[in-house]
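Visitor: Note that full-length UniProt numbering gives residue 272 to position 272 of the sequence shown, counting from 1, and the numbers run on in steps of one. Sending over a structure as structure tokens; questions will come in a sec.
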Amino acid sequence: MMKYSLHHLPTIWPEGYTDAQILEGDGTCEGDLRLWTYILPGTTEKVTVRARTTKQDDENMIIVLAADEGSDLHAHYKHFTATVKISPKGDGSLVTWIVEFEKHHHEVPDPHLYLALFNKLTEKVDGHVHKDAICKGEIETEVKCDPHKFYECIKYSLHHLPTIFPEAYTDCKLLEGDGKSQGSLRQWKYLLPGSNEEMTVRARTTVQDDEKMVIALCVEEGSSIHENYKHFTAIIQVNPKGKGCSVKWTVEFEKHSDEIPDPHVYLELFDKLNEKVDEHLHKK
């Protein structure tokens, strides 16, 4: 992203970068010259910088950008160079920005605002890349139950799944909250369809929209699913349909690697759960 998309910063972070142009080169190589218009944090003034890529070390993942003549920051600094270095760290990475500068005089402040700009830029690029990495899968089931009853069962009784669907859910504990509100954290032990291996998931209710009948459960650390997926969220939406309702499960996930299969088996589990909840409610 840093190598190929620096001239796309107005798309990635339009609040910080309002315009970008490639003045020389193709925007992907050492020696390229770009022009950015940007707004420093805490200010409203648009300023410009012409910066040339003076170093691009793919092996060590280092890019150096040196401000050229015609840059507004040269009103304060004789020399200004920004270096970004990306290093692997755990499942993610550590992004280090270094600015080398020479002031025109001692009254000029150190460029802390530029470090704040680059720090925010790192967050925005990370969010942009992460957004692209998130995949989705969906499954929808029609059930005979009243939609409000089905939604309320999911809202109030998720910690009773071992009673509703004991073949798949063997245990459940309420770890935080009251079990019926946004923010509640639960832990389930479960078996995936076609498997006899007991797994554990800790999931927090991050969305609970009673009007739209939507609940989102975000998987947290300590879950077996994190062996394969960096991120996993299950969203259930209940919609009225005829005399019953339609129940749609959406899973949003990010794999650790391309070799990891899509979580079709979880959609199969949720599809079966819909049937079990429907049967449970019809027994009442």
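Heads up, the beta-carbon is just placed ideally off N, CA and C, and yes, glycines get one too.
1. Apart from the five residues just before and just after Val-108, which ones in its own chain have a Cβ nearer than 8 angstroms to its Cβ?
2. Compare the C-alpha of Trp-13 against each of Thr-96, Gly-42, Lys-120 and Pro-111 and name the closest.
3. Report the three-state DSSP secondary structure of Cys-135 (helix, strand or coil).
4. Report back the beta-carbon spacing between Ile-139 and Trp-249 to the nearest angstrom; my notes put them in contact at under 8 angstroms.
5. I'd like the list of long-range same chain contacts for Ser-184, defined as Cβ closer than 6 angstroms, with 5 residues on each side in sequence excluded.
6. Whole-angstrom Cβ separation of Val-247 and Ile-235, contact assumed at under 8 angstroms?
7. Got a sec, what are the start and stop residues for the alpha helix (DSSP H) Asn-239 sits in?
8. Could you say which of Thr-54, Asp-91 and Thr-83 lies nearest to Ile-98 if we only look at CA atoms?
9. Return the residue from the list Tyr-38, Gly-137, Ser-257 and Phe-150 that minimises the CA-CA distance to Val-251.
10. Just reading off the beta strand (DSSP E) that Phe-101 is part of, what are its end residues?
11. Quick check on the DSSP output: the beta strand (DSSP E) that includes Phe-80 runs from which residue to which?
12. Going by beta carbon distance, what residues of the same chain come within less than 8 angstroms of Asp-91, once the five residues before and after it are set aside?
13. Let me confirm a value: Ile-134 is counted as buried when at least 16 other C-beta atoms fall within 10 Å, else exposed. Which label applies?
14. Near Gly-27, which residues of its chain fall below 8 angstroms by C-beta distance, leaving aside the five closest residues on each side in sequence?
15. Please list the segments of the alpha helix (DSSP H) lying wholly inside the segment 126–183, counting only runs of 4 or more residues, in order along the chain.
Guide: For this structure:
1. Excluding residues within five positions, the ones whose Cβ falls inside 8 angstroms are His-76 and Tyr-77.
2. Of the listed residues, the one whose Cα sits closest to Trp-13 is Lys-120.
3. Here Cys-135 sits in strand by DSSP.
4. Contact between Ile-139 and Trp-249 holds, since their C-beta atoms are separated by about 5 angstroms, short of 8 angstroms.
5. Shown here for Ser-184: same chain residues with a beta carbon closer than 6 angstroms to its own, the five before and five after excluded, namely Gly-177 and Thr-205 in chain order.
6. In fact, because the Cβ distance is near 11 angstroms, the residues do not count as touching under 8 angstroms.
7. Here Asn-239 belongs to no alpha helix (DSSP H); instead the beta strand (DSSP E) covers 229–241.
8. Nearest neighbour of Ile-98 by Cα position, chosen from Thr-54, Asp-91 and Thr-83, turns out to be Thr-83.
9. Cα-wise, what sits closest to Val-251 is Gly-137.
10. Following the DSSP letters along the chain, one finds Phe-101 inside the beta strand (DSSP E) bounded by residues 92–103.
11. Segment 77–89, the beta strand (DSSP E) holding Phe-80.
12. For Asp-91, where only same-chain residues beyond five positions count, the Cβ hits under 8 angstroms are Lys-230 and His-256.
13. Taking every protein chain shown into account, the CB of Ile-134 has fewer than 16 other CB atoms within 10 angstroms, so this residue is exposed.
14. Take Gly-27, set aside five residues on each side of it, and the residues of its chain with a beta-carbon closer than 8 angstroms to its own are Tyr-4, Leu-6, His-7 and Arg-34, in chain order.
15. List check, alpha helix (DSSP H) in window: 147–157 and 161–164.
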